[in-house]
Amino acid sequence: MTHEDARMQAACDYIRSHSEEPLSLEDMSRQAGLSPFHFLRRFKAFTGLTPKQFLDGCRLDALKGHLRGGGSVTDAIYEAGFGSSSRVYEKVDTRLGMTPKEYRTGGERVSISYVTEQTAVGLMMMGATDRGLCFVQFGEREAELLAMLRSEYPKALLTAMAEPYPEQFQAWMQALGAHLAGGQPSLSLPLDLRATAFQWKVWRYLQGIPYAEVQSYSEVAEGIGQPKAARAVARACATNRVAIVIPCHRVIRGTGELGGYRWGLDRKRALLDGERAARARGPRR
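This is the structure:
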């Protein structure tokens, strides 16, 4: 680690340990021994986030901890360092994937419907709230996939979808199936996910990588305007909970090697090979 990286790591540690206190850009840059302008530039190059985004992420983590510990939502919000409850409900809902009150109860008020389908690349489970998809993952057994879904929302009402499926749910399933079969290269479906600002930035960029094409982690980092954030990009790919819709399988190493894939390299290879074969065949008539 370079001296500059060590300085930024120390800044991250400082922000994390003081996130429940009022912190301004001047406070953070003073601790790092830099002007606010230079601190902002170097911190963003190191983490892929602005200091404010990183601070909000730390406070979100603290909020999760306080919510899981019980007590009132209002107390948890202020103990986590947020200045007002209205700001939390405006911004945190999309990053928790639910309201703070719902998260405190482990998703107790959230209803998630799910269905398991056999696809060309293995068993796939799709889970969705009324807002959008919150879970698209591959596995070997339905019980394994259901356990993964339950670990995300331990107190949510999980309901196996029975036919006839609701129209909206049916449309999402058909779009996913057609995409995997090579008949629908473009895929744009609503999402309902917990994520940091940086994860969303990476995931939205990944959705713009053309069908059957790939980019390296470094190219993605360049594409989002954070050229030194290749490792953070890799972490964002690894934490993707919605396979295919957020096409992290299209990100590979700069050497041309496949790199990692949380659902297995064989499946990543099959997805890329399938897309290339579909593109070579051309549009179906």
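What the sequence shown shows, in full-length UniProt numbering, is residues 1 to 285, in sequence order. By construction, the Cβ of each residue, glycine as well, lies at the ideal position given by its N, Cα and C atoms.
Take the Cβ of residue i as the centre, count every other Cβ of all protein chains shown within 10 Å, and call the residue buried at 16 or more, exposed below.
| i | result |
| --- | --- |
| T196 | buried |
| R141 | exposed |
| G182 | buried |
| W265 | At residue 265 the sequence reads Leu, which differs from the Trp that was named. With fewer than 16 other Cβ atoms within 10 Å, it is exposed. |
| R281 | exposed |
| Q9 | exposed |
| T2 | exposed |
| G127 | buried |
| G57 | buried |
Within the continuous alpha helix (DSSP H) that includes residue i, where are the two ends?
| i | result |
| --- | --- |
| S35 | Run containing S35: none; DSSP gives neither H nor E here. |
| E275 | L265 to R281 |
| A160 | Per DSSP, A160 belongs to no alpha helix (DSSP H); it is in the beta strand (DSSP E), L157 to A160. |
| Q137 | Premise fails: Q137 lies in the beta strand (DSSP E), L133 to G139, not in any alpha helix (DSSP H). |
| Y153 | Note, Y153: premise wrong, no alpha helix (DSSP H); not H, not E. |
| R16 | H3 to S17 |
| Y205 | A197 to L206 |
| E167 | E167 to L180 |
Can you tell me where the beta strand (DSSP E) holding residue i begins and where it ends?
| i | result |
| --- | --- |
| M124 | G122 to A128 |
Got a sec? Which residues, its chain only, sit under 6 Å from residue i by beta carbon, not counting five neighbours each side?
| i | result |
| --- | --- |
| residue 298 | Because residue 298 is not part of the residues shown, which for the chain are 1 to 285, the question remains open. |
| K228 | A45 |
So what's residue i in DSSP terms, helix, strand or just coil?
| i | result |
| --- | --- |
| E219 | helix |
| V110 | coil |
| E142 | helix |
| L63 | helix |
| L187 | coil |
| K228 | coil |
| D192 | coil |
| R285 | With a pLDDT of only 47 at R285, under 50, the local geometry of the prediction cannot be trusted, and no value is derived from it. |
| R262 | coil |
Based on the DSSP output, what are the partners of residue i in its beta bridges?
| i | result |
| --- | --- |
| T47 | Answer by DSSP bridge pairing: none, since T47 is not bridged. |
| I252 | S216 |
| E117 | M124 |
| V233 | Per DSSP, none; premise fails for V233. |
| V245 | BP columns for V245 are empty, so no partner. |
Excluding the 5 residues preceding and the 5 following residue i in the sequence, name in chain order all residues of the same chain whose CB lies nearer than 7 Å to its CB.
| i | result |
| --- | --- |
| S29 | S35, P36 and F39 |
| I246 | W203, L206, Q207 and N240 |
Sorted by chain position, which residues of the same chain lie with C-beta nearer than 8 Å to residue i's C-beta, five sequence neighbours on each side aside?
| i | result |
| --- | --- |
| A212 | P185, L272, E275, R276, A278 and R279 |
| F54 | C12, I15, F43 and T47 |
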